[in-house]
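From first to last, the protein sequence lines stand for chains A and B. The first sequence begins at 4 in this note's numbering and counts up by one. The second sequence begins at 4 in this note's numbering and counts up by one.
Protein chains: 2
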Amino acid sequence: MTSASVRVPARQQSIRASNLALAYRLVLDAPTPVSRAALAAATGMTRATAGALADALLAAGLVAEVAPPPASSAGRPATGLVPASTGWAGLGLEVNVDHLAACVVDLTGAVRHQVSIEGDQRGRGPGPVLADLAELANRAAADLAATGLHVAGAAVAVPGLVRSTSGRVLRAPNLDWQDVDVVADLTPRLPVTPLAPAVGNEADYAALAELAADRGLRDFLYVSGEIGVGAGVVFDRRLFTGSRGWAGEIGHVTVEPGGDACRCGARGCLETVAGLDALRAPTPDAAVRAGAGLGRAIAAAVNLYDLDTVVLGGAYAGRPDLEESVRAALTEHVVSAGWAPVAVRRSGLGGTAAAVGAATSVVHGIHADPAAWEARA
Amino acid sequence: MTSASVRVPARQQSIRASNLALAYRLVLDAPTPVSRAALAAATGMTRATAGALADALLAAGLVAEVAPPPASSAGRPATGLVPASTGWAGLGLEVNVDHLAACVVDLTGAVRHQVSIEGDQRGRGPGPVLADLAELANRAAADLAATGLHVAGAAVAVPGLVRSTSGRVLRAPNLDWQDVDVVADLTPRLPVTPLAPAVGNEADYAALAELAADRGLRDFLYVSGEIGVGAGVVFDRRLFTGSRGWAGEIGHVTVEPGGDACRCGARGCLETVAGLDALRAPTPDAAVRAGAGLGRAIAAAVNLYDLDTVVLGGAYAGRPDLEESVRAALTEHVVSAGWAPVAVRRSGLGGTAAAVGAATSVVHGIHADPAAWEARA
Numbered sequence: 004m005t006s007a008s009v010r011v012p013a014r015q016q017s018i019r020a021s022n023l024a025l026a027y028r029l030v031l032d033a034p035t036p037v038s039r040a041a042l043a044a045a046t047g048m049t050r051a052t053a054g055a056l057a058d059a060l061l062a063a064g065l066v067a068e069v070a071p072p073p074a075s076s077a078g079r080p081a082t083g084l085v086p087a088s089t090g091w092a093g094l095g096l097e098v099n100v101d102h103l104a105a106c107v108v109d110l111t112g113a114v115r116h117q118v119s120i121e122g123d124q125r126g127r128g129p130g131p132v133l134a135d136l137a138e139l140a141n142r143a144a145a146d147l148a149a150t151g152l153h154v155a156g157a158a159v160a161v162p163g164l165v166r167s168t169s170g171r172v173l174r175a176p177n178l179d180w181q182d183v184d185v186v187a188d189l190t191p192r193l194p195v196t197p198l199a200p201a202v203g204n205e206a207d208y209a210a211l212a213e214l215a216a217d218r219g220l221r222d223f224l225y226v227s228g229e230i231g232v233g234a235g236v237v238f239d240r241r242l243f244t245g246s247r248g249w250a251g252e253i254g255h256v257t258v259e260p261g262g263d264a265c266r267c268g269a270r271g272c273l274e275t276v277a278g279l280d281a282l283r284a285p286t287p288d289a290a291v292r293a294g295a296g297l298g299r300a301i302a303a304a305v306n307l308y309d310l311d312t313v314v315l316g317g318a319y320a321g322r323p324d325l326e327e328s329v330r331a332a333l334t335e336h337v338v339s340a341g342w343a344p345v346a347v348r349r350s351g352l353g354g355t356a357a358a359v360g361a362a363t364s365v366v367h368g369i370h371a372d373p374a375a376w377e378a379r380a
Numbered sequence: 004m005t006s007a008s009v010r011v012p013a014r015q016q017s018i019r020a021s022n023l024a025l026a027y028r029l030v031l032d033a034p035t036p037v038s039r040a041a042l043a044a045a046t047g048m049t050r051a052t053a054g055a056l057a058d059a060l061l062a063a064g065l066v067a068e069v070a071p072p073p074a075s076s077a078g079r080p081a082t083g084l085v086p087a088s089t090g091w092a093g094l095g096l097e098v099n100v101d102h103l104a105a106c107v108v109d110l111t112g113a114v115r116h117q118v119s120i121e122g123d124q125r126g127r128g129p130g131p132v133l134a135d136l137a138e139l140a141n142r143a144a145a146d147l148a149a150t151g152l153h154v155a156g157a158a159v160a161v162p163g164l165v166r167s168t169s170g171r172v173l174r175a176p177n178l179d180w181q182d183v184d185v186v187a188d189l190t191p192r193l194p195v196t197p198l199a200p201a202v203g204n205e206a207d208y209a210a211l212a213e214l215a216a217d218r219g220l221r222d223f224l225y226v227s228g229e230i231g232v233g234a235g236v237v238f239d240r241r242l243f244t245g246s247r248g249w250a251g252e253i254g255h256v257t258v259e260p261g262g263d264a265c266r267c268g269a270r271g272c273l274e275t276v277a278g279l280d281a282l283r284a285p286t287p288d289a290a291v292r293a294g295a296g297l298g299r300a301i302a303a304a305v306n307l308y309d310l311d312t313v314v315l316g317g318a319y320a321g322r323p324d325l326e327e328s329v330r331a332a333l334t335e336h337v338v339s340a341g342w343a344p345v346a347v348r349r350s351g352l353g354g355t356a357a358a359v360g361a362a363t364s365v366v367h368g369i370h371a372d373p374a375a376w377e378a379r380a
């Protein structure tokens, strides 16, 4: 085959793939079922082309056909397409310092399965932790069989630095993990073989879950308070990842110069005053110190990033006192606060936001490229 | 005129404008003069179309024609196009706390005129300061007349928060300016009437100057050390401005909790330990304190943004001791430092980087939309 004869079909393929994605996006974003005629009108395609794309989405199990709504005008009512609530689903997994979690999200974005196990993972080493995680994943997949859902892919949230190209965990200070190949370890044990799981930072995935849960959000800082403290930064409804995927390391911003030693090796990091271990300390001023440190670090982030919204997640979601401290610190320390106050609120997502976000990221991958899923239907 | 008959010419106009910009970009980026034939080959346009675009750029004064290089092969050598070094130029102006500056940059990116006046601007009020700045601007324009350059537009760098939509200076704490309409004040007094000047943050403009001076830079934090301390953040060779244009306010990151009062109203801001006033203090530990504070604030920025390069500008450019302190702080506090060390260097641009960047931004505006400048030739 000559290279010219390859290029032409490839281009045609890519036009069809892009039209299929466009049609799917319209169905996903529509508040009500979308008829084939409406699909043609909205895309400017012919009825025949739009109909063929609709059939392809149905055949791939990515949309479902529903009965027409009560007719509001004369004529034969059309059936409408909606995102499928059976078929493919995303599996989200989370390793955190004091819990493991698994979550399944379907193509409509609904959470269909969620389980977490409390328990300190420090000192266990990556092998046993990932074995437990794989067991959670397989239990979730088995539970799903009865509901008509099957796992399309998995994403794993970890509390550390991940190399985005390989999925290797370079460093998770609170787990004491260094250079752990999560992909190699989990791939053969997950219920999605032969697809390797994606691996990402837990606060980044939690920020994605927050974004999916609130269509009104646009630019925000999501701060995840666990044993470690991390942040996900979202601009224009997209994750901001920095030069190498490691943006948002708010837990290691210095808030107490010369303060307590941090697991990362430095002193006075935010984690040392506002991580869960510090928050649970029985000293009377633990909460005050945590609130002040958290406020200073978040004010630094807002001064540096110019964000208009802060969402407090993880353990912080249950702490109105910390929300107040952060609000006060922003008013005091953010130089633009007088012209554009920063909204502060607590997340409603609970402790497994990262697992939900990881599962959602798998679903978003399907949403963005439905053509890739036709062959697997 | 019907709307349909408007739309078609508008679209044709926009295709020509986009082709003109493409042809200009090729001439701007080429290391050697570009012949009309090379222009046609590189753009895929016909010789006639490429020739017409070349003629249009010449007529607009945006490129110049130069003699052919010594012929390396047989045949009649072609003349080549280069960016014009006469004609339009950008005027950059800077208000800072202890100096005013003006600068002219031509279409090749060369600085053709530069003047600054030292002197404390605090307490003078916006009116007299802007009157002095306008005088600098008019002197620059007059000096230019003999060189065949004329001012195409102006941009003003200020050490404060600017509302990007209106150019109003909302707050410049160190000048004690609040809500100053720089555009209304300067427009009638500048040598570029009827064009209103752009107004922006001084560190942002200085970062643009750094970017223009070093083609190897991609993602970096530029930190401007003046009486106030600011930063410009660049990702993918573009300025990162945040939600409202106020990103990079590193001067108000808290580095000494409960420390000295800052002009912004808070305590312990970076400016209070590493602004020029603090650096000039006769106390023996001023430099140590400044280096430690600067290091912590820059480490916070790198942890939050994940940047691989830091450039120290303004007064910091002359301080190797601060460079060392910053490097040490990054090694200690940046959680990813072990996997991807952060490069730290001092700017070579000198004290008027912001004025150079402001002038460069005007030139970039011409580079991006040459069609808009045809009528003004």
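From the three backbone atoms N, C-alpha and C, an ideal C-beta is built for every residue, glycine too.
With contacts defined as CB atoms closer than 7 angstroms, Val37/B and Gly90/B fail to qualify as a contacting pair. The residue among Glu213/A, Gly245/A, Leu178/A, Ala378/A with its C-alpha nearest the C-alpha of Arg240/B is Gly245/A. Ser119/A sits in a strand when the DSSP states are folded into three classes.
Put simply, the backbone Cα of Val232/A is about 46 angstroms away from that of Asp58/A. Taking the C-beta atoms as reference points, Leu273/A is found nearer than 7 angstroms to Val256/A. Among the residues of chain A, those whose CB is under 9 angstroms from the CB of Trp342/B are Leu164, Arg166, Leu173, Arg174, Arg247, Trp249, following chain order. In this structure, the CA atom of Leu25/B is about 8 angstroms from the CA atom of Thr46/B. Residues are counted here when their Cβ sits less than 8 angstroms from a Cβ of chain A; for the region 319-338 of chain B these are Glu335, His336, Val337, Val338, given in chain order.
Boundaries of the alpha helix (DSSP H) harbouring Asn306/A: 289-308, taken from the DSSP string. In terms of Cα proximity to Leu220/B, the closest of Gly228/B, Leu242/B, Glu229/B is Leu242/B.
Within its own chain, no residue has a Cβ closer than 6 angstroms to the Cβ of Ala51/A once the five positions on either side in sequence are excluded. Here DSSP, grouped into helix, strand and coil, assigns Thr257/A to strand.
Nearest to Leu133/B by C-alpha distance, out of Leu152/B, Val85/B, Val202/B, is Val202/B. Counted as a single uninterrupted DSSP element, the alpha helix (DSSP H) harbouring Val132/A occupies residues 129-148.
Contact annotation, Ala356/B with Ser364/B: C-beta distance approximately 12 angstroms; criterion of less than 8 angstroms not satisfied. At least one CB of chain A lies nearer than 7 angstroms to the CB of Arg299/B. For Cys267/A, a Cβ of chain B is located within less than 7 angstroms of the residue's own Cβ. No residue range can be given for Arg283/A, since it is assigned to no alpha helix (DSSP H) and is classified by DSSP as neither H nor E.
For Val314/B, the three-state secondary structure derived from DSSP is strand. In this structure, Ala175/A sits away from Ala206/A, with a CB-CB distance that is not shorter than 7 angstroms.
For Arg142/B, the closest of Leu193/B, Thr168/B, Val114/B, Ser169/B by C-alpha to C-alpha distance is Leu193/B. Annotation for Arg171/B: Asp184 place their beta carbon closer than 6 angstroms to its own, counting only its chain and skipping 5 residues before and after.
Only residues of its own chain outside the window of five on either side were considered, and among them Gly93, Leu94, Gly95, Leu96, Pro200, Ala201, Val202, Gly203, Tyr208, Ala361, Ala362, Ser364, Val365 have a CB closer than 8 angstroms to the CB of Ala158/A, listed in chain order. Look at Val256/B: its C-beta is under 7 angstroms from a C-beta on chain A.
For Pro323/B, the uninterrupted alpha helix (DSSP H) run begins and ends at 323-336, by DSSP. Every beta strand (DSSP E) stretch that sits fully inside the region 201-245 of chain A and reaches 3 residues is listed by chain position as 201-204, 223-228, 232-238, 241-243. Approximately 7 angstroms separates the beta-carbon atoms of Gln124/A and Asp101/A; this is inside 8 angstroms, confirming the contact. Every unbroken stretch of the beta strand (DSSP E) spanning 3 or more residues and falling wholly within the region 163-200 of chain A is given here in chain order: 172-175, 180-183. Residues of chain A with a Cβ closer than 9 angstroms to the Cβ of Pro191/B do not exist, since the nearest Cβ in that chain sits about 27 angstroms away. Using beta-carbon distances, Asn204/A does not count as an interface residue toward chain B, since no partner is under 7 angstroms. Below the 8 angstroms Cβ cutoff, chain A contributes no neighbours of Pro129/B, its closest Cβ being approximately 18 angstroms away. Sequence-distant Cβ neighbours of Ala216/B in its own chain, meaning closer than 8 angstroms and more than five residues away, are Gly351, Leu352. Interface criterion not met: the Cβ of Asn99/A is under 7 angstroms from no Cβ in chain B.
From the beta-carbon of Asp222/B, the residues of chain A found nearer than 7 angstroms are Ser246. Interface flag for Tyr208/A against chain B is unset, since no Cβ pair is found closer than 7 angstroms.
Note on geometry: alpha-carbon atoms of Ala67/A and Val313/A lie some 37 angstroms from one another.
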